Each structure stands twice: as structure tokens, then as C-alpha cells.
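Residue 606 is where the sequence shown ends in the numbering used here, and the numbering goes up by one at each step.
For each residue, glycine too, the CB sits at the ideal point set by N, CA and C.
Since the model is a prediction, treat every value here as computed from it, not as a measurement.
Since the structure comes first, as C-alpha cells, the remarks are kept for the end.
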Amino acid sequence: MCGIVGYIGKQDASNIVLSGLKRLEYRGYDSYGICFIEKDKHHLFKRVGKIEKTEQDFLNKNFKGSVCIAHNRWATTGLVNEENAHPHCDCKEEIFVVHNGIVENYKELKEKLIKEGHKFSSETDTEVIAHLIEKYYKDNLENAVKRALDDIRGTYGLVVASVKEPDKIVVARMSSPLIIGVGDNEFLVASDPSAIISRTRQIINLDDGEIAVLEVNNIRIYKEEKESKKDIQIIDWDIELAEKDGHEHFMLKEIMEEPNVIEDAMRGRLLDDMGMVKLGGLEGVENKLREINSLSLVGCGTAYYACRVGKYMIEEYADIPVEVDFGSEFRYKKPIIKKDGGILFVSQSGETADTLSCLKEMKEKGALTLGITNVVGSSQARETDAGVYTRSGPEISVASTKAFLGQLTVLVLVTIYLGRQRNMSMVMGKRIIDELKRIPELAKKILKQKEEIEKIAQKYKEYKNFWFIGRKYNYPIALEGALKLKEISYVHAEGVAGGELKHGPLALVEESFPTIAICPSDSVYDKMISNIEEIKARKGLVIAIATEGNEEIKKIVDDVIYIPKTLEMLTPLLSVIPLHLFAYYFAKSLKRDIDRPRNLAKSVTVE
Ligand code: M6R
Numbered sequence: 000m001c002g003i004v005g006y007i008g009k010q011d012a013s014n015i016v017l018s019g020l021k022r023l024e025y026r027g028y029d030s031y032g033i034c035f036i037e038k039d040k041h042h043l044f045k046r047v048g049k050i051e052k053t054e055q056d057f058l059n060k061n062f063k064g065s066v067c068i069a070h071n072r073w074a075t076t077g078l079v080n081e082e083n084a085h086p087h088c089d090c091k092e093e094i095f096v097v098h099n100g101i102v103e104n105y106k107e108l109k110e111k112l113i114k115e116g117h118k119f120s121s122e123t124d125t126e127v128i129a130h131l132i133e134k135y136y137k138d139n140l141e142n143a144v145k146r147a148l149d150d151i152r153g154t155y156g157l158v159v160a161s162v163k164e165p166d167k168i169v170v171a172r173m174s175s176p177l178i179i180g181v182g183d184n185e186f187l188v189a190s191d192p193s194a195i196i197s198r199t200r201q202i203i204n205l206d207d208g209e210i211a212v213l214e215v216n217n218i219r220i221y222k223e224e225k226e227s228k229k230d231i232q233i234i235d236w237d238i239e240l241a242e243k244d245g246h247e248h249f250m251l252k253e254i255m256e257e258p259n260v261i262e263d264a265m266r267g268r269l270l271d272d273m274g275m276v277k278l279g280g281l282e283g284v285e286n287k288l289r290e291i292n293s294l295s296l297v298g299c300g301t302a303y304y305a306c307r308v309g310k311y312m313i314e315e316y317a318d319i320p321v322e323v324d325f326g327s328e329f330r331y332k333k334p335i336i337k338k339d340g341g342i343l344f345v346s347q348s349g350e351t352a353d354t355l356s357c358l359k360e361m362k363e364k365g366a367l368t369l370g371i372t373n374v375v376g377s378s379q380a381r382e383t384d385a386g387v388y389t390r391s392g393p394e395i396s397v398a399s400t401k402a403f404l405g406q407l408t409v410l411v412l413v414t415i416y417l418g419r420q421r422n423m424s425m426v427m428g429k430r431i432i433d434e435l436k437r438i439p440e441l442a443k444k445i446l447k448q449k450e451e452i453e454k455i456a457q458k459y460k461e462y463k464n465f466w467f468i469g470r471k472y473n474y475p476i477a478l479e480g481a482l483k484l485k486e487i488s489y490v491h492a493e494g495v496a497g498g499e500l501k502h503g504p505l506a507l508v509e510e511s512f513p514t515i516a517i518c519p520s521d522s523v524y525d526k527m528i529s530n531i532e533e534i535k536a537r538k539g540l541v542i543a544i545a546t547e548g549n550e551e552i553k554k555i556v557d558d559v560i561y562i563p564k565t566l567e568m569l570t571p572l573l574s575v576i577p578l579h580l581f582a583y584y585f586a587k588s589l590k591r592d593i594d595r596p597r598n599l600a601k602s603v604t605v606e
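In C-alpha cells, the structure reads:
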């Protein structure tokens, strides 16, 4: 996820794009860049870090111009530095591009372009787009952009400008958001309306596959060579709502992004025909990973629960024994370094002090350290021997939701990777991959039930205590459901393994203590039903998360939320979504400060 702003008109663009970029910082804030285009001349400004720290440098440069493209970066390919910040350009510094998305086949395109003599100056996937446009450029920018996009596999919101044709901006979209603002003798481009709403409320939404050519007084939009007629829409939201894509809170926006996060985490990493995955970040330790006989998974909070799900996956499909620890505990126990073992750290921010301190300690002791992180260039990403990025985009809400889905998806990929190095058959690898590819669509189906889930949350809003129960793959999901509820609504919630109820917790069950039971139709379904019956026999209320088509369960429980059927190992990627929604709507009904719950911080950088 990144933010894009562009301007073509008659005014000086510097303050327009600067304020637009600031509005889009929630989409990415590791670096930013601005480029003004004139006839045969450009002015380029790039800096690392938040805009407020360096905006005065930019203003001091006194760049002026009325054709400008700009970008906030959230790194996915390549470290956080000025070279990798957008805009990127071709060899002759004539064509400039800003891009939000992923070019899946960038490595092969880059190799080919280098052989053809192109010189690259960044590690990004985006730079190949600039060189492809250069390759195909013959006096018409939009034709060259069209031709370049034919070679690209992946997603893009793309804005291109050239010093050879400084009277136009070319814009293209495929699965990454991009809108065009229509002003008075001017057009603006942005990743979302918040960046341009102060200048115009008239927007055109670009659709996938469309290319727009913007000139000061003219706009042309094409799809597959044909000109498209588009309606102008009037935005009636305020700026704050626009940043949240029309949602009341970042948490809801981030939950709604969960299907895309799953998709982005696997994009370009599946080798379908071989039942295998390609994880570039693990290539350097491929042989070491072949040799390991045990793994420790370490994380905190939600990331720790992802580790707990990972344990079931890796043990079942890769035949490697896995231990799981909280970062805050692992560091203080006796660390037994196994020569043929590895430690995998999971963290959204890559800056959690409890997790990082274990990483540093284990590194000093010579252990093989691996990481799953969202933030490119974070301390965890830099310190580990090897790792995989989740590519979930910035998570703003303190309660982690979409990042958990990114972590689970990467853990599935790591399981296939390790499994295929060992006993997993190609057929099994293919089966998991085929099913994983369906998950984003199935997740969208669950999100469509958000109104019903809201009604259930409202029905239970007076209750002060909740159990969350699950078994096997869904036991960690019970823990995650309880954490999310207590974190943002401040009611007491506890996750319990279904089978443990009778060993103590059942004593608390009564009418005023409802249970959310995660009971998809899997290998432990019958056992879960026994647990639910134990609760019902004591007059406890039960909300079930069950598999679509299970009508029988309605006879036993008080409310049901359905999720689609999938492989047992993948059910956590679906069963957690209603729990995120339930926690959100429950807290909303209590009018809590959902994105900034009391006493908590997004990144916990103290031990
Ligand atoms: O950035 P990390 O993934 O390392 O953060 C770990 C926890 O602090 C985090 O998951 C926390 O528990 C969330 N607030 C849970 O929603």
C-alpha cells in the first residue's frame, strides 16, 4: 500500500501535492518523493521518513511547476532509502513513474531489460515500469504505457509523466485504487479522495484496465483501445471519512481489507504446477532450512496467536516439531540452542521490544533466525538471517486485524515450503495452494454478513464476560477473539481450549456469561459439540461460528455466524474474520475509542 498524488493544471502544484501527500501518509510513511515536469527538464525531491520532518527542505528548494507527480512509499520490494523512494525514472531521466501495487514478474523483466542495456538505480519492482515505457516509447507516452503494461503481471495504480511530453499525465489502474479529481482547468490524481477533496469534490473513479490521458483542459479514458465514457461523482464525505475509505474507523477499514491482504501475501509466490511456493527472502538459507529438525516460533499478542496457528500447520504438514513462546517469556527461560533448529519471529511492526530482545540474544548465541514482518526495513527485518514480508500495508488501528491475516497466509506459505522440502507430496502442495487461492473470495463472503454480525454484537452488548472456545487450529483463534474483544471494548473475555472447560472454567458458566464457540465442520467438530452441550446444560448462551450448510447447530445454540467450508488448516483465515467484526461492533455499541483503546500503543517498544 502506498499513496499517489498528481496534478496537471495552471496553478503551482507544490502545495497541492504536499498537502495531498500528508493526507495520504496513513497509506505509507517510510519515504516520499515529488517530481515536477517541464519541457526537457525535471525537478526531483526525495526523502526518507515522515513528511513533517523534511517538508521545509522541500519548500526551501522553491520548486515550481504545474505538472507534478508524487508518492508516499510503504516498502514492499527493496529497503527504505532514497534510491527506492518513488518517482522512478528511465535511463535518460525523461520518463517518471509513481506506482502503488506489485509487479509480480519484475525479476524476469529486470533481467531482460539489463541484458538490453538498461541501467537500474533502485531495488524496486516499480523501476522496471519506467524502463519498459522507455523501451516502447516512440513519440507518444500513452501508447508506450499501454505497451509496457502488456508485459506486466500484477497490480498497479500508476501515474506517468515525461519531459518529452510535459503537457500530459498518463494514469492506469489494475486492482490498486486510483481516482481522478476534476477541477477548473486542472485535473488531480490520487489514491483516495482525502488527498484532493480540499481542491475538488468532483471525481472520476478509474476501473481496472483503464488508462486515462490528462491534459489541462481535456481527459480521455480508454479500455482495450476503446474510449470509455465515465460519469463524474460528487464526494459528500468529509476529509477524515475519506481517509478511512468511508469507514467510521481504521479498524473497520482494515478488517474490510483482509481479503486483499491474503491475496497480496501470496501474490507472485505460488508455483501452482509444482505444488510449491517461491519465497525470495528464504533463498539464502534454503539448505539450512532443509536440515532443521525443530523450530521455535516467537511473537507477542496477536502475532503470538499467529505463531500458535503456525505450530499446528508446520507440525501437521512439514513434520517439524514446533515450540511457541511469547517474546516476553522466551528471553527469560534457559535458551537451548539446537544446532539443527531455527527460530522464527513473527511481528507486524518488526519493532516490538519483547520480540526483538529475544532475536538479539538468539543471534548472539549463533541460532538460525528467521522473521515474518510487515514493515520493510524494520529492526526485525534487518536483524534476522532471512525472512518473508507479509505485505499487509500500514495498520493504523492499535488492534491488529489485517496484519494477522497476512501472518497466517505467510505461515501457510512457509509450511508448504518446509513441507515440500520434506515429505509433503506435490499433490498435497497443489491442494493447499488451490484452496488458499479461494480464500480471498470466501473471506469477502464473510464480510458481506457484517450487518448480521453487528446485530448479534448489539444483542449481547450488555454482557460483561465472554468465553471464546475452540480446539486445534481454532484454539488460537479463540484466544485472538478474546484479546480483540477485551482490547477495544474493555469487557472481560477469555479464550479457552474447548476440552479444558470441564477442568475448571465451566464453574463460571451461567446465563450471564455467554460463549463464542468456533466449531467449523472439521476433525474436532463432534468434540466441540460436546463442549457446547456442557455449556447449554448450565444455561449458558452460545454464539457459534459454524460451517455453511450446518443447519443442525441452530437447534443447539442461540446464534450462528456461518463461514464457508475450506481445508481444516485454512479455517483460521476465515473463522477469525467474524470475531474481528464482532469485537468491532461490540466496542462500537459501547461507544469506545476503537482505534486508540485506553492504555495501549500500536508498537510496544518497551520491555
Ligand atoms: O507489531 P507486533 O506484531 O510485534 O505487535 C505485537 C502485539 O503488541 C500486538 O499484536 C498487540 O497484541 C495488538 N494490539 C493486538 O491487537
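- Its Cα nearest to that of Ile593, the residue Lys252 stands out among Lys252, Asn286, Asn549 and Cys299.
- Residues of the same chain with a CB within less than 6 Å of the CB of Lys337, apart from the 5 flanking positions on each side, are Ser293 in chain order.
- For Lys228, the three-state secondary structure derived from DSSP is coil.
- For a cut-off of 8 Å, the C-beta gap from Tyr155 to Gly100 is around 4 Å, short enough to register as a contact.
- For Gly494, the uninterrupted beta strand (DSSP E) segment begins and ends at His491 to Ala496.
- Inclusion of Ser522 and Glu551 in the CB contact set at 8 Å is not warranted, their separation being larger than that value.
- One residue list follows from the rule of a beta carbon closer than 5 Å to any heavy atom of the ligand M6R, given in chain order as Cys299, Gly300, Thr301, Ala302, Ser346, Gln347, Ser348, Thr351, Ala398, Ser399 and Val603.
- Taking Asp384 as the centre and dropping the five residues before and after it, the same chain places the C-beta of Val284, Leu367, Thr368 and Leu369 closer than 7 Å to its C-beta, in chain order.
- Bounds of the alpha helix (DSSP H) holding Val127 are Glu126 to Tyr135.
- Between the alpha carbons of Ser378 and Glu350 lies a gap of roughly 6 Å.
- For His579, the three-state secondary structure derived from DSSP is helix.
- In its chain, beyond the 5 residues on either side, Ala456, Gln457 and Lys460 have a beta carbon closer than 7 Å to the beta carbon of Ser588.
- Of the candidates Arg430, Asp558, Phe403 and Gly5, Gly5 places its Cα closest to the Cα of Glu185.
- Contact annotation: Leu288 and Leu417 have beta-carbon atoms nearer than 8 Å.
- By alpha-carbon distance to Ile179, the top candidate from Lys436, Asp206, Ala160 and Glu164 is Asp206.
- In this structure, Ser511 is the residue among Thr546, Ser511 and Gly64 with its C-alpha nearest to the C-alpha of Phe465.
- For the pair Gly392 and Gly27, the Cα-to-Cα distance works out to about 7 Å.
- Only exposed fits Asn59, as fewer than 16 other CB atoms lie within 10 angstroms of its CB.
- Taking one beta carbon from each stretch, the stretch 560-576 and the stretch 498-514 have fewer than 3 pairs nearer than 8 Å; the two do not touch.
- In this structure, Arg419 places its C-beta atom within 8 Å of the C-beta atom of Gly274.
- Cβ atoms of Met250 and Thr408 stay farther apart than 8 Å, at about 20 Å.
- Counting C-beta pairs with one atom in each stretch, the stretch 30-45 and the stretch 220-238 have fewer than three that are closer than 8 Å, which means they do not touch.
- Going by C-alpha positions, Lys454 is about 41 Å away from Ser295.
- Contact between Leu572 and Ile313 fails: their C-beta atoms lie close to 16 Å from each other, not under 8 Å.
- Comparing alpha carbon positions, the residue from Lys444, Tyr583 and His491 closest to Glu547 is Lys444.
- Using a 10 angstroms sphere on the CB of Lys222, the tally of other CB atoms stays under 16, which defines it as exposed.
- The residue from Ile468, Asp271 and Val16 with its alpha-carbon nearest to that of Gly8 is Val16.
- Per DSSP, the unbroken alpha helix (DSSP H) holding Met425 starts and ends at Met425 to Leu446.
- Judged by DSSP secondary structure, Gln406 falls within the alpha helix (DSSP H) whose first and last residues are Lys401 to Gln420.
- Counting only runs of at least 3 residues, the stretch 158-184 fully encloses the following beta strand (DSSP E) elements, listed from N- to C-terminal order: 168-173 and 178-182.
- Going by DSSP, Arg381 is part of the alpha helix (DSSP H) stretching over Ser378 to Glu382.
- Runs of the beta strand (DSSP E) lying entirely within the stretch 72-117, each at least 3 residues long, are 94-99 in chain order.
- If the five residues before and after Leu177 are omitted, its C-beta is found closer than 6 Å to the C-beta atoms of Gly156 and Leu205, all from its own chain and listed in chain order.
- Cβ contact annotation for Ile195 (same chain, cutoff 7 Å, sequence separation greater than five): Gly19, Gly180, Leu187 and Ala189, in chain order.
- For the options Ser193, Lys485, Pro320 and Asn142, the alpha carbon positioned closest to that of Gly300 is the one of Lys485.
- The shortest CA-to-CA distance from Gly539 to any of Val323, Val508, Val97 and Val559 is the one to Val508.
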